[in-house]
Amino acid sequence: MKRLLVLGATGSIGQQTLDVVRRLPARFQVVGLAAHNNLAMLLQQADAFGAQMLGLLKEDAPERVQTANGRVLPVYRGVDGLCAMAQMPEIDIVVVALAGMVALLPTLTALEHGKTVALSTKEVLVGGGSIVMQTARRARAQLVPIDSEHSGAWQALQRVSPDQVSRILLTASGGPFRNRPIETFEQITVREALRHPNWEMGAKITVDSATMMNKGLEVIEAQWLFGLPLDTIEVMIHPQSIVHALVELVDGSVLAQMSVPDMRLPIQYALLHPERVDTDLPRLDWRQISQLTFEPPDYERFPCLRLAYESARIGGTMPTVLNAANEVAVRLFLEEQIPFTAIPQLVEQTIQKHTPKEATLETVLEADRWARQYVRSLTAKRSHHCGETL
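Letter by letter, the sequence shown follows residues -7 to 382 of the numbering used here.
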């Protein structure tokens, strides 16, 4: 039986992870659950899955809580608390599904202590890829992907040596605005941006899918996960979201991983690898599939994808700044403080201002802090000028 700690248990990936556990009760034991601040849901999950400890990123959270079933559980608080949970000997796998760079230190701690990390949080490898991979190698710990595209590439790469790989193609649905006239992007509402055609996800990642920053971040992640040059990792628009990744080999053969767009499938594979079991999850009905189409991305329509490639080529702390600027810009859009088109504008202004440094834990954390502050200052200036115009 594998013993799990789920960081980000109340989010979309966390809840789907627990659904996988629910389907395989003899395979997994949930030891700990953690979230940003949703204590009410954590308590419900703790009773449902028998968790022995909880974590909250809120520093002022209570030290102990009582569940509806009368169990009193310890609460680990803040990033330090989650790091303490991640290193406990009774845990085998740490599922990292927290939103944002806050997941970096708990991930590093888990790897340093030899845990298998099932990673969903893109920001961890985008901002700290070199540090994370060095830590995993040094500790001989396993890092496995949860994202459907990375999982697809990982599955296709089984028993394929790196020298046999010509390129990896990550697919993208194109989001809700693949065919929308660009001149109307300024009028895109939050509600429209959150209406993804194929996937059920959290708000931030759904907006990232609409801008295609999500795919840009995945390209940077893939570079670290698979140890391949950036120019061998490409993106293709695939509106049906059935082919999640393609691996082209040097002889021209192409391996594709296909499944219905359901995150529980890559989660289950990450937790059970290399084993596969039947849990009655949805399957493809080939009788209902009329076509599978592919097209190159439009970089004018999706400038965030271009910015991600540019940041990855520069390297160092530049991807950290890209990610942090995007996080703040997306939050501002969700709060209806900026228009949709301002997201790539703010990101580009921020990376143009940044002087990249070699990526160390210290420089990455500092670049992350600087970028967030800089975007807020740009937004404040933007609001001031708008006020003058009015």
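Each residue gets a CB set at the ideal place from its N, CA and C atoms; glycine is no exception.
Length of the line joining the Cα atoms of Y366 and P253: Whole-angstrom Cα-Cα distance: 37 Å.
Can you look up H236 in the DSSP assignment and give me helix, strand or coil? Collapsing the DSSP output to three states places H236 in a strand.
At the level of alpha carbons, what is the spacing between P289 and Q37? Their Cα atoms are separated by approximately 40 Å.
In chain order, each beta strand (DSSP E) run of at least 3 residues that lies wholly inside the stretch 6 to 35: Correct list: 20 to 27.
Below 8 Å on the Cβ atoms is my guess for A321 versus L297; work out the distance and round it to an integer in Å. Actually they do not touch by this definition, with Cβ atoms about 15 Å apart.
Based on the DSSP secondary-structure assignment, which residues constitute the bridge partners of I138? None; I138 has no bridge partner.
What three-state label does DSSP hand S201 in the structure shown? Of the three classes helix, strand and coil, the one that applies to S201 here is helix, per DSSP.
Residue(s) in a DSSP beta bridge with E287: BP columns for E287 point to I229.
From which residue to which residue does the beta strand (DSSP E) around P66 run? From DSSP, the beta strand (DSSP E) with P66 extends over V64 to R69.
Residue span of the beta strand (DSSP E) that contains R256, given as start and end: No beta strand (DSSP E) contains R256, which is instead part of the alpha helix (DSSP H) from R256 to L264.
How many Å lie between L46 and L25 at the Cα? Answer to the nearest angstrom: the Cα atoms are 5 Å apart.
I need the DSSP call for R170, collapsed to helix, strand or coil. It is coil, neither helix nor strand.
Could you have a look at Q147 and say whether DSSP puts it in helix, strand or coil? Note: Q147 maps to helix in three-state DSSP.
Would you say the stretch 94 to 113 touches the stretch 68 to 75, given that touching needs at least three Cβ pairs under 8 Å? In the pairwise beta carbon analysis, the stretch 94 to 113 is classified as touching the stretch 68 to 75: at least three pairs are separated by under 8 Å.
Rounded to whole angstroms, what's the CA-CA distance from E350 to G307? Just pull it up for me. Their Cα atoms are separated by approximately 8 Å.
Selected residue, minimal CA-CA separation from M80, among L(-4), A91 and A40: Measuring C-alpha to C-alpha distances from M80 to each of L(-4), A91 and A40 identifies L(-4) as the nearest.
Does A27 pass the burial test, meaning 16 or more other C-beta atoms within 10 Å, or should it be called exposed? Buried.
Where F332 and I343 are concerned, what is the direct C-alpha to C-alpha distance, given to the nearest angstrom? Cα to Cα, the separation comes out at about 18 Å.
3 or more residues per run - each beta strand (DSSP E) lying fully within the stretch 43 to 126: Runs of beta strand (DSSP E) with 3 or more residues, each lying fully within the stretch 43 to 126, are found at 45 to 48, 56 to 58, 64 to 69, 85 to 88 and 108 to 111, listed in chain order.
For N29, count neighbouring C-beta atoms within 10 Å of its own C-beta (all shown protein chains included) and say buried if the count is 16 or more, exposed if not. Here N29 is exposed. Its C-beta has fewer than 16 other C-beta atoms within 10 Å.
For L117, count the other beta carbons within 10 Å of its own beta carbon; 16 or more makes it buried, fewer makes it exposed. Which is it? So L117 ends up on the buried side.
Please name the residue or residues paired with Q249 in a DSSP beta bridge. Q249 is bridged to A237.
D200 burial status per 10 Å Cβ neighbour count (16 or more: buried): Buried, by the Cβ-count rule.
Going by DSSP, name the residue or residues bridged to T163. According to DSSP, residue pairing for T163 in a beta bridge involves M228.
M64 to E267 span [Cα, whole Å]: The amino acid at residue 64 is misidentified as Met; the sequence shows Val. Their Cα atoms are separated by approximately 35 Å.
Across which residues does DSSP place K345 in a beta bridge pair? Its beta-bridge partners do not exist; DSSP assigns none.
Do A164 and M204 have their beta-carbon atoms positioned less than 8 Å apart in this structure? With contacts defined as CB atoms closer than 8 Å, M204 and A164 qualify as a contacting pair.
Whole angstroms are fine: how far does the CA of A316 sit from the CA of N61? Taking the straight line from one Cα to the other gives about 40 Å.
When the Cα atoms are used, what is the spatial distance from I330 to L257? Inter-residue distance for I330 and L257 is about 36 Å (C-alpha atoms, whole angstroms).
Same chain, Cβ closer than 8 Å to D39, neighbours up to 5 away in sequence not counted: Excluding its 5 nearest sequence neighbours in each direction, D39 has C-beta neighbours in its own chain below 8 Å: T59, A60, N61 and R63, listed in chain order.
Identity of the residues DSSP links to L(-3) by a beta bridge: Under DSSP, L(-3) forms a beta bridge with G24 and V86.
Contacting residues, own chain, Cβ-Cβ under 6 Å from L238 (five flanking each side not counted): So the list reads L161, V246 and A248, once near-sequence residues are dropped.
Would the stretch 141 to 159 count as touching the stretch 124 to 132 if we require 3 or more Cβ pairs under 8 Å? No, the stretch 141 to 159 does not touch the stretch 124 to 132.
Inspect the beta-carbon positions of K405 and I123 and report whether they are closer than 8 Å. Outside the shown range of the chain (-7 to 382) lies residue 405, about which nothing can therefore be said.
Using only the alpha-carbon positions, how far apart do P173 and A185 sit? For P173 and A185, the distance between alpha carbons rounds to 14 Å.
Rounded to whole angstroms, what is the Cα-Cα separation between Q280 and D52? Approximately 52 Å, taken between the alpha carbons.
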